[in-house]
Amino acid sequence: MTKQIAIIGGGPAGLMAAEVLSAAGHAVTVYEAMPTFGRKFLLAGKSGLNITHSEDFSSFAERFGSDSARLRPALEAFTPDGVRAWAAGLGTETFVGTSGRVFPTVMKASPLLRAWLRRLEAQGVKLKARHRWVGFAGNGYRFETPEGPIIVQPDAALLALGGASWPRLGSDAAWVPWLRDKGIAIADLQPSNCGFDVAWSEAFRERFAGEPLKSVSTTSDAGTFQGEFVVSKHGIEGSLVYAHSAALRDRLVAEGQAALAVDLAPGRTIERLARDLVRQDAKASFSNRLRKGAGLEGVKAALIRELVPDANRMASEELARVIKALPIPVLRPRPIAEAISSAGGIAWSDLDESYMLKLLPGLFAAGEMLDWEAPTGGYLLTACLATGRSAARGVEAWLGSQ
Ligand SMILES: Cc1cc2nc3c(=O)[nH]c(=O)nc-3n(C[C@H](O)[C@H](O)[C@H](O)COP(=O)(O)OP(=O)(O)OC[C@H]3O[C@@H](n4cnc5c(N)ncnc54)[C@H](O)[C@@H]3O)c2cc1C
């Protein structure tokens with residue numbers, strides 16, 4: 002018998018679940034609060050839509066850190082190659098960019114999303130935009146709709162409501178207290194892949210906000226990565242900072258302070274730098290010493306002055322050490338509304354292997370609203386699609402067992 006399934010949240014996780022369940026012949030309705038579907042997916046498309054990553058599968062799965070073990074079955078069932086084949090099936094060919102990241106050749110999300118929604122409609126999925134879930138109603142789900150409030154009582158439901166970043170695109174985390182009231186453990190949502198505040202002096206901020214630091218290497222508890230980041234008016238941001246954001250955030254929580262160590266001259270050793278610096282004219286200005294001895298000028302030289310005011314009096318060896326590991330003390334992560342993604346969410350302990358909430362049989366959850374995090378690089382979207390698929394298989398199996 003056809004079962005009625007409500008999927009709440011029309012982002013990548015919810016739409017993928019709808020695809021699987023409608024293909025299995027169920028009557029699927031997707032309820033989405035916003036006037037259109039997949040707004041964050043479309044925003045991700047603005048920077049090219051890094052949909053997955055081409056590294057070998059073991060390395061890929063390890064990028065989810067302590068959540069790798071729980072996510073692995075879902076990722077194995079929908080691998081990065083699976084993501085690429087799926088996108089190709091919807092008319093979106095992909096390519097491997099520098100650094101192994103995978104993008105659609107058109108470098109945007111809209112053609113893929115359009116084809117996906119067409120496929121869902123062809124499979125009989127009812128797409129209900131402007132239907133905002135506002136909480137439970139006995140065994141049902143209460144929605145605000147343009148036609149007034151309604152209560153839906155499906156055979157099974159799947160939540161795919163996203164995290165808490167960029168709330169104006171729809172994922173506003175309003176669901177957190179409703180699930181907590183039902184006894185579900187939810188780790189507080191925190192910014193992930195985010196910038197950080199730094200106490201810049203007014204002069205540095207005015208002169209250098211917006212300036213990129215190119216070809217540097219950065220170190221935190223997360224490891225050492227090369228690339229570039231940007232000085233912002235609040236602090237630091239950009240992909241090289243995001244790679245460290247979980248480590249910096251966790252250290253701030255644990256110790257109240259954290260710093261990102263920047264190597265401003267990754268191509269030279271301390272010894273080589275010290276040798277090059279000591280060769281400079283003793284009467285040379287500090288700027289000239291940095292420029293000629295270490296190849297540093299502009300924002301890189303200014304960063305040294307800003308963070309180590311007595312650097313101009315340092316001996317070459319000591320200055321070389323500063324250049325190789327300049328600590329930028331961070332005060333706090335930027336607000337979650339600005340982050341690329343959020344950490345925290347529904348605790349793994351409260352979900353069974355099939356993504357069903359143990360305390361609420363018949364209710365499943367997928368995507369960023371679960372308690373995992375990953376760096377940028379296509380890991381986020383792949384895990385949202387993969388958990389959407391696995392949760393849908395969980396729904397199918399559970400309905401079959403009823
Ligand atoms: C600027 C930016 C760029 C990004 N770029 C990339 C990238 O290149 N690669 C990558 O892997 N990831 C990227 N991401 C992250 C990725 O987009 C998200 O991780 C992913 O969209 C999460 O999918 P989801 O389906 O779990 O949630 P979402 O995409 O957030 O979808 C959840 C949906 O639920 C709806 N909803 C919420 N509450 C309710 C309610 N009460 N009732 C009904 N509907 C509701 C929301 O409106 C939303 O449509 C980016 C994110 C941002 C912000």
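Just so we're aligned, residue 2 is where the sequence shown starts under the numbering used here, counting upward by one.
The C-beta atom is built at its ideal place from N, Cα and C for all residues, glycine as well.
Open item on the list: According to DSSP, simplified to helix, strand and coil, what is Lys215?
Closed with: strand
Open item on the list: What residue range does the beta strand (DSSP E) around Gly228 cover?
Closed with: Gly224 to Val232
Task: Ile305 burial status per 10 Å Cβ neighbour count (16 or more: buried) - done: buried
Task: Alpha-carbon spacing of Ala70 relative to Ala62, whole angstroms - done: 8 angstroms
- [ ] Would you identify the three-state DSSP class for Ser221, choosing helix, strand or coil?
- [x] strand
TODO: State the Cα-Cα distance for the pair Lys325 and Thr270, rounded to the nearest angstrom.
DONE: 8 angstroms
Open item on the list: I'd like to know whether the C-beta atoms of Ala340 and Ser193 end up nearer to each other than 8 angstroms.
Closed with: yes
Open item on the list: So the candidates are Glu238, Leu76 and Arg40; which of them puts its Cα closest to the Cα of Val199?
Closed with: Glu238
- [ ] Would you identify the three-state DSSP class for Leu50, choosing helix, strand or coil?
- [x] coil
Task: Inter-residue spacing [alpha-carbon to alpha-carbon] between Thr106 and Leu44 - done: 17 angstroms
- [ ] Please check the pair Ser172 and Leu162, which I expect to be a contact at CB under 8 angstroms, by giving their CB distance rounded to whole angstroms.
- [x] 6 angstroms
Task: Check whether Phe38 and Ala130 have beta carbons under 8 angstroms apart - done: yes
Open item on the list: If distances are taken between C-alpha atoms only, which option among Gly395, Val217, Ser67 and Asp372 comes closest to Ala78?
Closed with: Gly395
Task: Neighbourhood of Asn140 by C-beta distance below 7 angstroms, restricted to the same chain and skipping five residues each side - done: Gln154
Task: Where Leu261 sits in the DSSP three-state scheme - done: strand
Task: Among Ala275, Pro13 and Val263, nearest to Arg40 - alpha-carbon criterion - done: Pro13
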